[in-house]
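Student: Quick one: this structure, given as structure tokens, is what I'll be asking you about.
2 protein chains.
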Amino acid sequence: MVFDPPFGTDTDETRPAIVRATYEALIEHGYENLTIQRIGDEFPKSKSLIYQHYDGKDEVLVDLLEFLLDHFETQMPHPSTRDAHDCLENVLDFVLEPDPDADRAELTNVMVELRGQAPHNETFEEYFTANDRQFRRDLADIVDRGIEEGVYRPVDAEAVAEFLLTTMNGQTMRRATADEGVDAAAIRAELDAYLRSRLLREDRANGEKE
Amino acid sequence: MVFDPPFGTDTDETRPAIVRATYEALIEHGYENLTIQRIGDEFPKSKSLIYQHYDGKDEVLVDLLEFLLDHFETQMPHPSTRDAHDCLENVLDFVLEPDPDADRAELTNVMVELRGQAPHNETFEEYFTANDRQFRRDLADIVDRGIEEGVYRPVDAEAVAEFLLTTMNGQTMRRATADEGVDAAAIRAELDAYLRSRLLREDRANGEKE
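Line by line, the protein sequences are chains L and E. Start counting the first sequence at 294; every next residue gets the next number (my numbering). Start counting the second sequence at 294; every next residue gets the next number (my numbering).
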């Protein structure tokens, strides 16, 4: 699956360059050891610009989180003219990427570190809650479309979406925090078995690869 | 599901009392704002004892993480004389608790904050990796037992365990970071549907509640 890293192109604008420097500093040092000094080390212009544009690292981090969530959303495969099940498989292929490259792995680590702050950071919690809600709605829309197309059984699309989202979040978290232990192929195989038995109508399920 | 909070009984021993104070400080202030000073505020004895027993907060945090993982393990329902599927349902009831009380919610928050450090904290990553591995082995043992008992179909027990673990981790993470958005009943219903279609033999599946 093609994945464009965030900040793929250089920017001359100051605020995006500060956000980018924050991302690089997070990859290098982790959330716990992030300081404005270390953001400044990754920032090609004068450090004083950081203070002119932001009140502190918490404010830059919110801009970074918003940028990363938007970036991930733009990378997500969008509904095509193919049937709903192809769309869903594309989304799963993308999110559950079995073999992420270094850029993708770094992004996953940063997202999980930011998400790990949410229990004590209301702003982050609001962003992640809103992002989960939007993603669940997108997934439910695909399932509803599959029901209309006659590809899927008349399931509870919201419940299926909630379950898929939770499993995807679980893999993302485990990948960033227990990487060597994660068997992405097994997770995907069981998820596909669930989709075949729960969603797909017989004729379509029989055409699927086992 | 009965859940005993960690540190349910007071201790006079110094090191456990410091670990407990660290837990209380984490609940109050979060990982980002944890300091030895704040641990000291929750510690009933002299702060200087903290420095006599620990080199710094990182060392106390490792003891705390070990304690919490052990505590969770002791709370987990253990295999009973009933059949494997009852055991598995008990584990799912416990981990996916639909209505956690305040003590349980606080523990979940602390665990997710600690886990969120793992991308840049090798010691934490090792603990979470080992803990995931042990839990997955326990789950696979239950599934294997179900196959032997003839309750389950001859599935790949390791793959099923990996999938269940990932979904449980996903719910735990979402609960701590996007709480109002989590629909525990939906997740459980879809997981039960998966178990019925993937694992349970026909006669047993038909006896299950829909």
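Ideal Cβ positions, reconstructed from N, Cα and C, are used throughout, including at glycine. Treat the numbers as computed from the prediction; the structure is a model and nothing was measured.
Answer with yes or no whether the minimum CB distance from Thr460 (chain L) to chain E is below 8 Å.
Tutor: yes
Student: Going by C-alpha distance, which of L:Arg429, L:Gly409, L:Glu390 is nearest Ala477 (chain L)?
Tutor: L:Glu390
Student: Cutting at 6 Å between CB atoms, please list the residues of its own chain near Asn402 (chain L), excluding the five before and the five after it.
Tutor: Ala469
Student: What's the gap between the Cα of Asp396 (chain L) and the Cα of Asp297 (chain L)?
Tutor: 8 Å
Student: Just verifying my parser: in three-state terms, what is the DSSP assignment at Tyr324 (chain L)?
Tutor: coil
Student: Comparing C-alpha positions only, which one of E:Gly301, E:Ala423, E:Pro412 sits nearest to Gln368 (chain E)?
Tutor: E:Gly301
Student: Less than 8 Å between the beta carbons of Ala471 (chain E) and Phe456 (chain L), yes or no?
Tutor: Taking 8 Å as the Cβ cut-off, Ala471 (chain E) and Phe456 (chain L) do not qualify as a contacting pair.
Student: Find the nearest neighbour of Ser490 (chain E) within the set E:Arg467, E:Val353, E:Arg446, judged by alpha-carbon distance.
Tutor: Ranked by Cα distance from Ser490 (chain E), the options E:Arg467, E:Val353, E:Arg446 are led by E:Arg446.
Student: With a threshold of 16 other CB atoms inside 10 Å of the CB of Arg408 (chain E), please say whether the residue is buried or exposed.
Tutor: buried
Student: State the DSSP-derived secondary structure class of Tyr316 (chain E), mapped to helix, strand or coil.
Tutor: Tyr316 (chain E): helix per DSSP, three-state reduction.
Student: Assuming Arg525 (chain L) and Val453 (chain L) form a contact by the criterion Cβ under 8 Å, report the distance between their Cβ atoms to the nearest whole angstrom.
Tutor: Chain L is shown from 294 up to 503; residue 525 (chain L) falls before or after that span and cannot be answered.
Student: Taking the straight line between their C-alpha atoms, what separation do you get for Val448 (chain E) and Met461 (chain L)?
Tutor: 22 Å
Student: Can you check whether the CB of Met404 (chain E) is closer than 8 Å to the CB of Leu361 (chain E)?
Tutor: yes
Student: Touching or not, the region 413-425 of chain L and the region 316-333 of chain E, by the rule of three or more beta carbon pairs under 8 Å?
Tutor: yes
Student: Count the C-beta pairs between the region 333-344 of chain E and the region 301-321 of chain E that are closer than 8 Å, then say yes if the count reaches three, no if not.
Tutor: yes
Student: Since Thr367 (chain E) meets chain L, which of its residues come closer than 9 Å, beta carbon to beta carbon?
Tutor: Within 9 Å Cβ-Cβ: nothing; Thr367 (chain E) doesn't reach chain L, min ~21 Å.
Student: Can you name, in chain order, every residue of its own chain whose Cβ lies under 8 Å from the Cβ of Ala423 (chain E), other than the five neighbours on each side?
Tutor: none
Student: Please confirm whether Phe428 (chain L) has its beta-carbon closer than 8 Å to some beta-carbon of chain E.
Tutor: no
Student: Can you pull the chain L residues whose beta carbon is under 8 Å from the beta carbon of Phe256 (chain E), in chain order?
Tutor: Residue 256 (chain E) cannot be examined here, being either before or after the span of chain E that is shown, 294 to 503.
Student: Leu458 (chain L) to Glu483 (chain L), Cα distance in whole Å?
Tutor: 15 Å
Student: In the region 403-416 of chain E, which residues sit with their C-beta less than 7 Å from some C-beta in chain L, listed in chain order?
Tutor: Val405, Glu406, Arg408, Gly409, Gln410, Ala411, Pro412, His413
Student: Report buried or exposed for His378 (chain L), applying the criterion of at least 16 other Cβ atoms within 10 angstroms of its Cβ.
Tutor: Looking at its Cβ environment, which holds 16 or more other Cβ atoms inside 10 Å, His378 (chain L) is buried.
Student: What does Val436 (chain L) reach in chain E if we use C-beta pairs closer than 7 Å?
Tutor: Going along chain E, no residue has its Cβ under 7 Å from Val436 (chain L), so there is no contact; the nearest lies around 11 Å.
Student: State yes or no: is the beta carbon of Arg491 (chain E) nearer than 8 Å to at least one beta carbon in chain L?
Tutor: yes
Student: Starting from the beta carbon of Glu418 (chain L), find every residue of chain E whose beta carbon is closer than 7 Å, and list them in chain order.
Tutor: By Cβ distance, chain E contributes Thr470, Ala471.
Student: Based on Cα-Cα distance, which residue from L:Asp425, L:Arg308, L:Glu406, L:Ile320 lies nearest to Glu352 (chain L)?
Tutor: L:Arg308
Student: Thinking C-beta only, is Ile332 (chain L) closer than 8 Å to Ile320 (chain L)?
Tutor: no
Student: What three-state label does DSSP hand Leu493 (chain L) in the structure shown?
Tutor: strand
Student: Please list the partners that Gln330 (chain E) has in chain L, where partner means a Cβ-to-Cβ separation under 9 Å.
Tutor: Ordered by position in chain L, no residue passes the 9 Å Cβ test against Gln330 (chain E), which lies about 17 Å from the chain.
Student: Out of E:Leu385, E:Phe421, E:Glu441, which one is the CA nearest neighbour of Glu473 (chain L)?
Tutor: Closest by alpha carbon: E:Phe421.
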